[in-house]
Amino acid sequence: MGLLSFVREAGEKLFGRKDVEAAAAESAQDKLADLNQKAAAAIVAYIDKQGLDASALTVSFDGASSTVTVAGTVADQATKEKVLLCCGNVDGVDKVDDQLTVTNPEPPATFHTVVRGDTLSAIAKACYGNANAYMKIFEANKPMLSDPNKIYPGQVLRIPA
Numbered sequence: 001m002g003l004l005s006f007v008r009e010a011g012e013k014l015f016g017r018k019d020v021e022a023a024a025a026e027s028a029q030d031k032l033a034d035l036n037q038k039a040a041a042a043i044v045a046y047i048d049k050q051g052l053d054a055s056a057l058t059v060s061f062d063g064a065s066s067t068v069t070v071a072g073t074v075a076d077q078a079t080k081e082k083v084l085l086c087c088g089n090v091d092g093v094d095k096v097d098d099q100l101t102v103t104n105p106e107p108p109a110t111f112h113t114v115v116r117g118d119t120l121s122a123i124a125k126a127c128y129g130n131a132n133a134y135m136k137i138f139e140a141n142k143p144m145l146s147d148p149n150k151i152y153p154g155q156v157l158r159i160p161a
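According to full-length UniProt numbering, the sequence shown holds residues 1 to 161 in order.
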């Protein structure tokens, strides 16, 4: 549990980040509340699309702070981390407040923020000493990654032990 940081301008475009930022800047509370609800619903739909099983999942978005709060129960640490990445690797999200509970806790993975020029092979070489271990990282980030060659700067990836 805690607060995870992400790159606000990188990620899936699930809602209108600029509309949310404009409503927050104008202090248009009714409009911002509506946009926050729509953003949270879009993030939940994205999590569902990934096939991640989280019971009693609740997601809220605060456009003023660009923060997603996610709560609920997941079966294992890998699912928890994937849900957190689904919430944070979204254009317009700067932070994720993790309030998820894990039924079967295990040691957490580390996270890596992709920079320009990164490849899964290069990340695997740095983390494991073996560039050919890139499939371990790819598998750990499925279904959010559909191709090991399609990562982007600002994206946060799970790096299993």
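Every residue gets a Cβ at the ideal spot worked out from N, C-alpha and C, and that includes glycine.
Counting C-beta neighbours from all protein chains within 10 Å, is the total for residue i 16 or more, i.e. buried, or is it exposed?
i, result
"residue 49", "exposed"
"residue 147", "exposed"
"residue 134", "buried"
"residue 116", "exposed"
"residue 98", "buried"
"residue 27", "exposed"
Looking at the structure shown, is residue i part of a helix, part of a strand, or coil, going by DSSP?
i, result
"residue 52", "coil"
"residue 14", "coil"
"residue 110", "strand"
"residue 75", "strand"
"residue 4", "strand"
"residue 34", "helix"
"residue 151", "coil"
Taking the alpha-carbon positions, what's the residue i to residue j distance?
i, j, result
"residue 71", "residue 53", "13 Å"
"residue 36", "residue 83", "19 Å"
"residue 90", "residue 47", "11 Å"
"residue 25", "residue 126", "41 Å"
"residue 112", "residue 30", "37 Å"
"residue 78", "residue 108", "8 Å"
Among the residues of its own chain, which have a CB less than 7 Å from the CB of residue i, if the five just before and after it don't count?
i, result
"residue 104", "75 and 76"
Cutting at 8 Å between CB atoms, please list the residues of its own chain near residue i, excluding the five before and the five after it.
i, result
"residue 141", "82, 85, 157 and 158"
Along the alpha helix (DSSP H) that carries residue i, what are the first and last residues, could you check?
i, result
"residue 137", "134 to 140"
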